[in-house]
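This report concerns only the one structure given below.
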Amino acid sequence: MSDFDVVIVGGGPVGIVLGAALASRWGDGAARIALIDAKPIEAVMSDPRTLALADTSRRQIQPLGFPANAVPLKHIHVSELGRFGRVWMSAAELQRESLGWTVRYGELVSALHKGALTTGLTCWRGVSVVSATESSEGVRMTLSDGREITGRLRVDAEGGLFGGTQGRDTVRDYGQWALVATAHATPLAQQSAAQARERESVAYERFTPEGPLAFLPTAADGSRYAMVWCGAVDQTEQRKSTPVEVLLPQLNRLMGNRIPLTGLSDMASFPLGLNVRSQMVSGRTVSVGNAAQILHPVAGQGLNLGFRDAQALAARLDPVRIEDPVALQEALAAFEADRATDRKLLVALTDTMARGFATANPVMQTGRQLALLGLECLPGARRFFAETLMFGWVR
Ligand SMILES: Cc1cc2nc3c(=O)[nH]c(=O)nc-3n(C[C@H](O)[C@H](O)[C@H](O)COP(=O)(O)OP(=O)(O)OC[C@H]3O[C@@H](n4cnc5c(N)ncnc54)[C@H](O)[C@@H]3O)c2cc1C
């Protein structure tokens, strides 16, 4: 008999949400679900990423844990530098309180981890899985501390960033990196009422010839934003070493002075690209989240998609089915089918946005201006676009 029914390798946000969802459904069987992560939880806190999560993702994970200081996004402003046309998406238009939330990666993982510990699953942090061998009964894994464990099913939730992963069927290198930083701005209270209203709870996405530039509010008083500035690799390196007082006027110009920026801190950079595994299931191994697909962050969809992978897999597995090899393969095939359309749609949408907005080709430039105008002028199209970003293909 195996030591565990399910071994989830990777306790990032997707692995934790999957482990907790299984544990809470399996009751007494919770301890037979193992969640293993290479990093101690304290090490995760220093991750410099801030994520925009759809409100549907927030609802999914809220019972487990959600950072109290997450900031709601009530409006999204999308525009292109030097071009007429913009899209304004509003929570009120969709009869919602918010379109999404901004959260620090480390705070999110920490809140989820705390919640997962109460579900009864077996959780080990600070130890990694270094190798795995599959047989017809299960998967044998060797851990970095020398232990050997077996599981009937191995879930690969090892995540990762573009460039650090192997064995993918679709790989597209956009030749871009993201420079992320905390951007400081004049608080709303120090601006006129009209100016403050213009940018209260607004997330900005600005397309520039070099790549997208986004500002996500991370303080309700308007004093802080998470900046994601995409550009060519050497350009990003150069920006990283440029003095802040030189970058600020450039950023204010690129953003059309929409945000009164006063400073930048905590800069870090990430490689960007598309990296997709066409099959999520291979024998007794299933890949979810970034282990299955890595997307450009242009549409802020990577983690939202990963949470839906976790939810769908948890719904297909149960302690009885996992003991029967035939029933297990049927459940995994059903899971693969459940996820196919949503993954294809979000991969295509993100890829189109990443490529279509980073080109100087005049035909493409006209096309994207028309696309922005179309979204702004056609409420039905705008609603469809916003709902796709919020729900994916799972309506
Ligand atoms: C700059 C940037 C901005 C982004 N913005 C957004 C956004 O706004 N919205 C959004 O939805 N997504 C965004 N993303 C994507 C998002 O960060 C990922 O989709 C998400 O982190 C994937 O979660 P995961 O749990 O699958 O993987 P990860 O977060 O990568 O976690 C994987 C975990 O597995 C562990 N691990 C790896 N190998 C092993 C091993 N062998 N043994 C044990 N443990 C292991 C790691 O320690 C890690 O904790 C952004 C990404 C970047 C780079």
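Just so you know, the sequence shown maps onto residues 5 to 399 in the numbering used here. The beta-carbon is built from N, C-alpha and C at its ideal position, and this holds for glycine as well.
Practice task
Would you mind sorting ALA198 into buried or exposed? The rule is 16 or more other CB atoms within 10 Å of its CB.
Solution key: Classification of ALA198: exposed, given that the 10 Å Cβ count is below 16.
Exercise for the section: Assign MET49 to one of three DSSP states: helix, strand, or coil. Expected result: In the structure shown, MET49 adopts coil according to DSSP, grouped into three states.
Exercise for the section: Please confirm whether ALA24 and LEU68 have their CB atoms less than 8 Å apart. Expected result: The answer is yes: Cβ separation under 8 Å.
Practice task
Evaluate the contact criterion for the stretch 154–162 versus the stretch 132–144: three or more CB pairs, one atom per stretch, below 8 Å.
Solution key: Yes: the two stretches touch, three or more of their Cβ pairs being nearer than 8 Å.
Practice task
Measure the CB-CB distance between LEU183 and LYS244 and report whether it falls below 8 Å.
Solution key: Between LEU183 and LYS244, the C-beta spacing is below 8 Å.
Handout entry: 8 Å contact criterion, which ARG3 and ASP355 should meet: CB distance rounded
Key = One cannot answer for residue 3 here, as it falls past the ends of the chain, which runs 5 to 399.
Problem - Short Cβ contact (8 Å threshold) for VAL302 with MET357 - result: Contact: yes.
Practice task
Use the C-beta contact count for SER83: other C-beta atoms within 10 angstroms, 16 or more gives buried, fewer gives exposed.
Solution key: Note on SER83: 16 or more other CB atoms within 10 angstroms of its CB, so buried under the neighbour-count rule.
Practice task
Starting from the N-terminal side, write out each stretch of the alpha helix (DSSP H) that is 4 residues or longer and does not extend beyond the stretch 230–257.
Solution key: The qualifying runs are 237–244.
Practice task
Would you mind reading off the limits of the alpha helix (DSSP H) that contains GLY277?
Solution key: Annotation for GLY277: no alpha helix (DSSP H) segment contains it, though the beta strand (DSSP E) segment containing it runs 265–280.
Problem - GLY15 versus LEU220 - alpha carbon distance - result: C-alpha of GLY15 to C-alpha of LEU220: approximately 26 Å in a straight line.
Practice task
Determine, using beta carbons only, whether PHE8 and ARG29 come nearer to each other than 8 Å.
Solution key: Judged by beta-carbon spacing, ARG29 lies beyond the 8 Å limit of PHE8, meaning their Cβ atoms are not closer than that value.
Problem - LEU349, DSSP secondary structure in three states - result: Helix, per DSSP.
Practice task
Sort out for me which residues DSSP pairs LEU183 with in a bridge.
Solution key: Its beta-bridge partners are TRP233, SER273.
Problem - Contact under 8 Å by Cβ, ASN308 with SER102 - result: Against a cut-off of 8 Å, the Cβ pair of SER102 and ASN308 comes out as no contact.
Handout entry: Three-pair Cβ contact test at 8 Å for the stretch 278–298 versus the stretch 159–168
Key = With the cut-off at 8 Å, the stretch 278–298 and the stretch 159–168 touch.
Problem - Among THR222, GLY119, LEU350, GLY130, nearest to ALA185 - alpha-carbon criterion - result: Answer by Cα proximity: THR222.
Problem - CB-CB length for LEU217 against LEU258, believed under 8 Å - result: About 6 Å; that satisfies the 8 Å criterion.
Problem - Rounded Cβ spacing between ALA34 and GLY124 (contact assumed at less than 8 Å) - result: Contact between ALA34 and GLY124 is confirmed by a C-beta separation of about 4 Å, below the 8 Å threshold.
Problem - PRO17, buried or exposed, once every other Cβ within 10 Å from all chains shown has been counted against 16 - result: By the neighbour-count criterion, in which a residue is buried when 16 or more other Cβ atoms sit within 10 angstroms of its Cβ, PRO17 is buried.
Problem - Any non-hydrogen atom of ligand 1 within 7 Å of ARG156 CB - result: Answer for ARG156: no, Cβ out of range of ligand 1.
Handout entry: Alpha carbon of ASP346 to alpha carbon of SER282, nearest angstrom
Key = In this structure, the straight-line span from the alpha carbon of ASP346 to that of SER282 is close to 13 Å.
Handout entry: First and last residue of the uninterrupted beta strand (DSSP E) at GLU97
Key = Note, GLU97: premise wrong, no beta strand (DSSP E); not H, not E.
Exercise for the section: Assign ARG399 to one of two classes, buried (16 or more other C-beta atoms within 10 Å of its C-beta) or exposed (fewer than that). Expected result: The pLDDT assigned to ARG399 is 47, lower than 50, so where the model puts this residue is not dependable; a value taken from the coordinates is nonetheless given after this. So ARG399 counts as exposed.
Exercise for the section: Consult DSSP for LEU112 and reduce its assignment to one of helix, strand or coil. Expected result: Correct three-state label for LEU112: helix.
Practice task
Pick out the complete alpha helix (DSSP H) segments inside the stretch 29–73, 4 residues or longer, and give them in chain order.
Solution key: Taken in chain order, the complete alpha helix (DSSP H) segments of 4 or more residues contained in the stretch 29–73 are 45–48, 59–65.
Exercise for the section: For ALA224, I'd like the list of residues in its chain whose CB is within less than 7 Å of its CB, leaving aside the five on either flank, ordered along the chain. Expected result: Cβ within range, chain order: VAL75.
Problem - SER132 to ILE12 span [Cα, whole Å] - result: Looking at the two C-alpha atoms, the distance is approximately 11 Å.
Handout entry: Collapsed DSSP secondary structure at ASP7 in the structure displayed
Key = Assignment of ASP7 by DSSP, reduced to helix, strand and coil, places it in the coil class.
Problem - Given ARG172 as reference, the closest of LEU278, GLN315, ARG312 once Cα atoms are compared - result: Cα-wise, what sits closest to ARG172 is LEU278.
Practice task
Within its chain, find whatever has a CB closer than 6 Å to the CB of TRP233; leave out the 5 residues flanking it on each side and keep chain order.
Solution key: LEU183, LEU217.
Practice task
Classify ALA318 as buried or exposed, calling it buried when 16 or more other Cβ atoms lie within 10 Å of its own Cβ.
Solution key: By the neighbour-count criterion, in which a residue is buried when 16 or more other Cβ atoms sit within 10 angstroms of its Cβ, ALA318 is buried.
Exercise for the section: Please say whether THR240 and SER269 have beta carbons closer to each other than 8 Å? Expected result: Contact flag unset, no.
Practice task
Using 7 Å as the cut-off, classify the Cβ of SER28 as near or not near the heavy atoms of ligand 1, replying yes or no.
Solution key: Not under cutoff, so the answer is no.
Problem - Straight-line Cα distance separating VAL21 from GLU249 - result: Using only the alpha carbons, I get a separation of about 41 Å.
Handout entry: Cutoff 7 Å; reference ARG325; Cβ partners in own chain excluding five residues on either side
Key = Spatial neighbours of ARG325 in its own chain (CB-CB distance under 7 Å, excluding positions within 5 residues in sequence) are listed in chain order as ALA331, LEU332, ALA335.
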